[in-house]
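Put into structure tokens, the structure is as follows:
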């Protein structure tokens with residue numbers, strides 16, 4: 004097995020703001036990869052795996068390293084081949100909702116009692 008290469012440092016130092024203002028498919032995938040939210044959502048794990056199943060295994064399921072090997076054009080081409088556009092957009096939208104919602108314990112766990120104490 005080949006040695007796992009580290010992702011380019013430029014990818015790791017991108018501003019966090021790209022996570023919520025992603026315009027391209029590549030930016031959306033990078034935003035997903037840079038937040039550990041992907042690791043507890045099987046549909047997002049499967050999305051990264053489907054991009055390149057062999058490299059996904061070789062890179063020990065590291066989406067940042069996987070995307071470092073893709074150019075935006077190659078990612079667009081692969082997404083078109085596999086019809087991944089809707090899956091990427093859906094995952095990105097869910098991440099964005101997760102990051103912008105205000106998680107209050109009472110809102111999550113009290114049900115009707117929260118509105119009528």
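Residue numbers (my numbering): 4 to 120.
We put the beta carbon where it would ideally sit given N, CA and C, even for glycine.
Can you confirm whether the region 90 to 107 touches the region 55 to 62 when touching is taken to mean that 3 or more C-beta pairs between the two stretches lie within less than 8 angstroms?
Too few Cβ pairs lie closer than 8 angstroms, so no.
Going by other Cβ atoms of all chains shown within 10 Å of its Cβ, with 16 needed for buried, is residue 29 buried or exposed?
When all chains shown are included, residue 29 counts as buried.
Helix, strand or coil for residue 74, going by three-state DSSP, please let me know.
Residue 74: coil per DSSP, three-state reduction.
Is it buried or exposed, residue 41, if we count other Cβ atoms within 10 angstroms and call 16 or more buried?
That one is buried.
Determine the direct distance from the alpha carbon of residue 77 to that of residue 110, and round the result to whole angstroms.
Approximately 43 angstroms between the Cα atoms of the pair.
DSSP on residue 65, reduced to helix/strand/coil?
If DSSP states are grouped into helix, strand and coil, residue 65 belongs with coil.
Confirm, please, whether the CB-CB distance from residue 70 to residue 36 is below 9 angstroms.
Result yes, Cβ atoms of residue 36 and residue 70 sit closer than 9 angstroms.
What's the C-alpha gap between residue 21 and residue 75?
In this prediction, residue 21 scores a pLDDT of 42, lower than 50, which makes its location untrustworthy; the coordinate-derived value is nonetheless stated afterwards. Computed Cα separation, rounded: 15 angstroms.
Does residue 82 pass the burial test, meaning 16 or more other C-beta atoms within 10 Å, or should it be called exposed?
Buried is the call here.
Given this structure, state the Cα-to-Cα distance separating residue 26 from residue 44, to the nearest angstrom.
Rounded to whole angstroms, residue 26 to residue 44 spans 22 angstroms at the Cα level.
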